[in-house]
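Read through the structure below, which is laid out as structure tokens, and then see the notes.
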Amino acid sequence: MSPSAATFESPIPVNRNGVVGKKDLAVKAVDGNQAKTLAELEGKWESFMFSPIRESQVSRAMTRRYFTDLDNYAESDIVIIGAGSCGLSTAYMLGKQRPDLKIAVVEAGVAPGGGAWLGGQLFSAMVMRKPADAFLNDLDVPYEDEGDFVVVKHAALFTSTLLSRVLTFPNVKLFNATAVEDLITRPAPTATDPHAVRIAGVVTNWTLVSMHHDDQSCMDPNTINAPLVISTTGHDGPFGAFSVKRLVSMQQLEKLGGMRGLDMNSAEDAIVKRTREVVKGLVVGGMELSEVDGANRMGPTFGAMALSGVKAAEEALKVINE
Ligand code: 48N
Numbered sequence: 002m003s004p005s006a007a008t009f010e011s012p013i014p015v016n017r018n019g020v021v022g023k024k025d026l027a028v029k030a031v032d033g034n035q036a037k038t039l040a041e042l043e044g045k046w047e048s049f050m051f052s053p054i055r056e057s058q059v060s061r062a063m064t065r066r067y068f069t070d071l072d073n074y075a076e077s078d079i080v081i082i083g084a085g086s087c088g089l090s091t092a093y094m095l096g097k098q099r100p101d102l103k104i105a106v107v108e109a110g111v112a113p114g115g116g117a118w119l120g121g122q123l124f125s126a127m128v129m130r131k132p133a134d135a136f137l138n139d140l141d142v143p144y145e146d147e148g149d150f151v152v153v154k155h156a157a158l159f160t161s162t163l164l165s166r167v168l169t170f171p172n173v174k175l176f177n178a179t180a181v182e183d184l185i186t187r188p189a190p191t192a193t194d195p196h197a198v199r200i201a202g203v204v205t206n207w208t209l210v211s212m213h214h215d216d217q218s219c220m221d222p223n224t225i226n227a228p229l230v231i232s233t234t235g236h237d238g239p240f241g242a243f244s245v246k247r248l249v250s251m252q253q254l255e256k257l258g259g260m261r262g263l264d265m266n267s268a269e270d271a272i273v274k275r276t277r278e279v280v281k282g283l284v285v286g287g288m289e290l291s292e293v294d295g296a297n298r299m300g301p302t303f304g305a306m307a308l309s310g311v312k313a314a315e316e317a318l319k320v321i322n323e
């Protein structure tokens, strides 16, 4: 039988609102280990105890922050869709250069990083062709120099370092496990296209909800307004090339360019050079771009992802500063 409220004995005295008395915590905490270094813990496991907690404190610590962030980033300066190697490189450049901008990164997966946790076909090492080593130097990621290219001993070393830098920027917020399921648009007719729009933000939902719209009753989305969106959702796949496909379906692009076969030498130059504002308010970078104008794919080399992110940040700041 589950304990009723009457029999439930909280380890810490709480008042009727379930709020833990500060002084009670102070008293309890003194009994616990007040170690500040690991050395102070060693060998003292007999008397070891964590400082006390009440479950509601954990819930409030998480939800209070999350919903403050949602409120704060409901109006963002820039939204980056996709936290793969290009999206994270873009966020890194913008977070570093423009601490005044509010940057929301929306990533469908629970784990950000996209396809950059391994080098290729489950092999660990990551290859980047020069001059992308300049990006690794900026991140202080060690690599072996092989002449025309460099090798990071494990792709996860690059991606985890990049991710940790991005997450430490106070003006960048990662909303992972969150899918962009549409784009916010505003009419922006031109002399040649009376139906042209500009992108003004994104429509989001929990990814698990987005994946089940067909088999659950309607679950409406949320929104983030932003004058500029940078889409780096990767090449075609279940979620891939999201924004480009949406632009085609809303007739802002005539058709998908269709990613071409693998050709490292042409693919990487093209992706970096063509990273740009594809429609007003939307910059596209990384492998999603191959679906705009049919660039080749480059396979297991990541220099273009990093430098496309550098270029996407530059293109974004041109738009923001207009
Ligand atoms: O890693 P990806 O897929 O995309 P990029 O462009 O950052 O890096 C591409 C790179 O990994 C390659 O494909 C390499 C170079 N191989 C090339 C080749 O020839 O095979 O990351 C995209 C991220 C993923 O984490 C997705 O989960 C996320 O975008 N995503 C989304 N997030 C939110 N909302 C969406 N609608 C959405 N769609 C994708």
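With the numbering used here, the residue at position 120 of the sequence shown is 121, and numbering never jumps. Cβ atoms here follow ideal geometry from the backbone N, Cα and C, with glycine treated the same way. These numbers were taken from a predicted model, which means no experiment stands behind them.
- Taking 6 Å as the cut-off, one finds no heavy atom of the ligand 48N near enough to the beta carbon of Met94.
- Between Lys97 and the set Thr191, Thr276, Gly241, Phe170, the nearest pair of CA atoms involves Phe170.
- Shown here, Leu263 sits in a strand according to DSSP, grouped into three states.
- Within the stretch 206–260, the complete alpha helix (DSSP H) segments of 4 residues or longer fall at 208–211, 243–250, listed in chain order.
- The Cβ-Cβ distance between Thr179 and Gly114 does not fall below 7 Å.
- Here the stretch 270–286 lies against the stretch 313–320, with 3 or more beta-carbon pairs under 8 Å apart.
- Taking the Cα positions, Asn223 is about 51 Å away from Gly44.
- Contact between Glu255 and Ser211 does not hold, since the beta-carbon distance rounds to 26 Å and is not under 8 Å.
- Asn322 carries a coil assignment under DSSP once its states are collapsed to helix, strand and coil.
- Short of 7 Å from the beta carbon of Met94, and not among the five residues preceding or following it, lie these beta carbons of its own chain, in chain order: Gly310, Val311, Ala314.
- The count of Cβ pairs closer than 8 Å, one atom from the stretch 258–274 and one from the stretch 291–305, reaches three, so the stretches are in contact.
- In terms of Cα proximity to Val249, the closest of Asp264, Asp215, Val198 is Val198.
- Of all alpha-carbon atoms in Ala62, Lys37, Asp101, the one lying nearest the alpha-carbon of Phe51 is that of Lys37.
- For Val107, the uninterrupted beta strand (DSSP E) run begins and ends at 104–107, by DSSP.
- The beta carbon of Thr69 sits no closer than 6 Å to any heavy atom of the ligand 48N.
- Proximity to Lys174 across Ala157, Asp221, Gly88, Leu158 peaks at Gly88, based on C-alpha coordinates.
- Considering only Ala227, Phe136, Val153, the residue with the shortest C-alpha distance to Gly121 is Val153.
- For the pair of segments examined, the stretch 126–145 was found not to touch the stretch 48–68: the number of CB pairs separated by less than 8 Å stays below three.
- At least one heavy atom of the ligand 48N is found less than 6 Å from the C-beta of Gly287.
- For Thr234, the shortest C-beta to heavy atom distance toward the ligand 48N is below 6 Å.
- Collapsing the DSSP output to three states places Thr179 in a strand.
- In the DSSP assignment, Glu56 falls outside any beta strand (DSSP E) and within the unbroken alpha helix (DSSP H) covering 56–74.
- In the DSSP assignment, Phe150 falls within the unbroken beta strand (DSSP E) covering 150–153.
- Taking each of Ile200, Gly287, Pro195 in turn and checking the Cα distance to Gly116, the smallest one comes out for Gly287.
- DSSP, read as helix, strand or coil, puts Lys97 in helix.
- Cβ contact annotation for Ile81 (same chain, cutoff 6 Å, sequence separation greater than five): Gly88, Thr91, Ala92, Val106, Ile231, in chain order.
- Straight across, the Cα-Cα distance linking Arg247 with Tyr67 is about 28 Å.
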